[in-house]
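What follows is one structure encoded as structure tokens, with my remarks underneath.
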């Protein structure tokens, strides 16, 4: 969602207000909030113990340690 610029290339107060209203109260805002919640949960799962980020860090540390001991 982007505010439209006028013929001078300026974002006007009314246009910004319409965008804010749509995000706060409209379907687009509901969709954005649901999507943000989904990504929040996915990120949390990734960094939790056993998550993909946790496993990747563990693998990285193991590789660094194996290079250090050889």
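Residue numbers (our numbering): 335 to 404. Think of the CB as a built atom: it goes at the ideal place given N, C-alpha and C, for glycine as much as any other residue.
CA-CA distance, residue 382 to residue 388, rounds to 7 Å.
C-alpha of residue 363 to C-alpha of residue 397: approximately 44 Å in a straight line. Taking 8 Å as the upper bound for CB-CB distance, residue 386 and residue 380 are in contact here, some 5 Å apart.
CA-to-CA, the gap between residue 350 and residue 375 works out to about 30 Å.
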